[in-house]
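Participant: Position one of the sequence shown corresponds to residue 1 (the UniProt record's numbering), numbered consecutively onward.
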Amino acid sequence: MTETIKILIADDNDLMRLLMKRLFSKCLVSPNISETKDLPDTINYLKEEIIDFLLLDINMPQGDSDPNTIKEILAIQPDIKICMFSGNDKAVLEQGFLDAGAVGFIQKDENMGDSLQRVIKSVFN
Numbered sequence: 001m002t003e004t005i006k007i008l009i010a011d012d013n014d015l016m017r018l019l020m021k022r023l024f025s026k027c028l029v030s031p032n033i034s035e036t037k038d039l040p041d042t043i044n045y046l047k048e049e050i051i052d053f054l055l056l057d058i059n060m061p062q063g064d065s066d067p068n069t070i071k072e073i074l075a076i077q078p079d080i081k082i083c084m085f086s087g088n089d090k091a092v093l094e095q096g097f098l099d100a101g102a103v104g105f106i107q108k109d110e111n112m113g114d115s116l117q118r119v120i121k122s123v124f125n
């Protein structure tokens, strides 16, 4: 993909957003990265800006994400690629989010970089 990919990182943790920005910059050429810190701001941002890829934390202030959140976001932007991002147990939650339309689920652990790279390759290559 030669055009700049527009990414939104939705996570309440400043350090996690910084780390993921660096990982996206390693995986993609000149990504355009924006950030939100809670679910209402994320939904409002998506109503205003077209995004290619959303990295969405499950547990955030002012509302947690669930499979219905994925459906709500896809109703706003049908072409967006949504990847869940969580410290919660991937084995328990992943399938419900994938069934709702997410393209991946990244566990917050030491393998985040590799997991992100796999999701990016599956979505944009």
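The C-beta atom is built at its ideal place from N, Cα and C for all residues, glycine as well.
(1) Does DSSP classify T42 as helix, strand or coil?
(2) What residue ranges within the stretch 67–109 form continuous alpha helix (DSSP H) runs of no fewer than 4 residues, ordered along the chain?
(3) Got a sec? Which residues, its chain only, sit under 6 angstroms from N88 by beta carbon, not counting five neighbours each side?
(4) Does DSSP classify M1 as helix, strand or coil?
(5) Which whole-angstrom value describes the C-beta separation of M84 and L116, a residue pair presumed to lie in contact below a C-beta threshold of 8 angstroms?
(6) From this set, K6, D14, G104, which residue's C-alpha is nearest L46's C-alpha?
(7) So, using beta-carbon positions, are L8 and L39 closer together than 7 angstroms?
(8) What residue does the beta strand (DSSP E) around S34 start on, and which one ends it?
(9) Look at the alpha carbon of A91 and the alpha carbon of D99, and state the distance between them as a whole number of angstroms.
(10) With DSSP as the reference, please indicate the residues paired to L8 in a beta bridge.
(11) If you count every other CB in all the chains shown that lies within 10 Å of the CB of R17, and 16 or more means buried, which is it?
(12) Helix, strand or coil for L18, going by three-state DSSP, please let me know.
Facilitator: Taking the structure as given:
(1) Working through the sequence shown from its first residue, we reach residue 42 at position 42. For T42, the three-state secondary structure derived from DSSP is helix.
(2) 67–76, 90–100
(3) Here residue 88 corresponds to residue number 88 of the sequence shown, with the count starting at 1. Answer for N88: I58, listed in chain order.
(4) Here residue 1 refers to the residue found at position 1 when the sequence shown is read from its first residue. With a pLDDT of 43 at M1, under the threshold of 50, the modelled position of this residue cannot be trusted; read the value that follows with caution. Note: M1 maps to coil in three-state DSSP.
(5) Within the sequence shown, the letter at position 84 stands for residue 84. Within the sequence shown, the letter at position 116 stands for residue 116. So it is not a contact: roughly 12 angstroms between Cβ atoms.
(6) Here residue 46 refers to the residue found at position 46 when the sequence shown is read from its first residue. Answer by Cα proximity: K6.
(7) Mapped onto the sequence shown, residue 8 falls at position 8. Mapped onto the sequence shown, residue 39 falls at position 39. No; because the gap between Cβ atoms is not below 7 angstroms, this pair is not in contact.
(8) In the sequence shown, the residue the question calls residue 34 occupies position 34. Counting along the chain, the beta strand (DSSP E) containing S34 begins and ends at 32–36.
(9) Along the sequence shown, one-based indexing puts residue 91 at 91. Along the sequence shown, one-based indexing puts residue 99 at 99. Taking the straight line from one Cα to the other gives about 14 angstroms.
(10) For the purposes of this step, residue 8 is taken as the residue at position 8 of the sequence shown. According to DSSP, which records beta bridges pairwise, L8 is partnered with S34, L54.
(11) Position 17 of the sequence shown, counting from 1, holds the residue named residue 17. Buried, by the Cβ-count rule.
(12) Here residue 18 is taken as the residue at index 18 of the sequence shown, counted from 1. L18 falls in the helix class under three-state DSSP.
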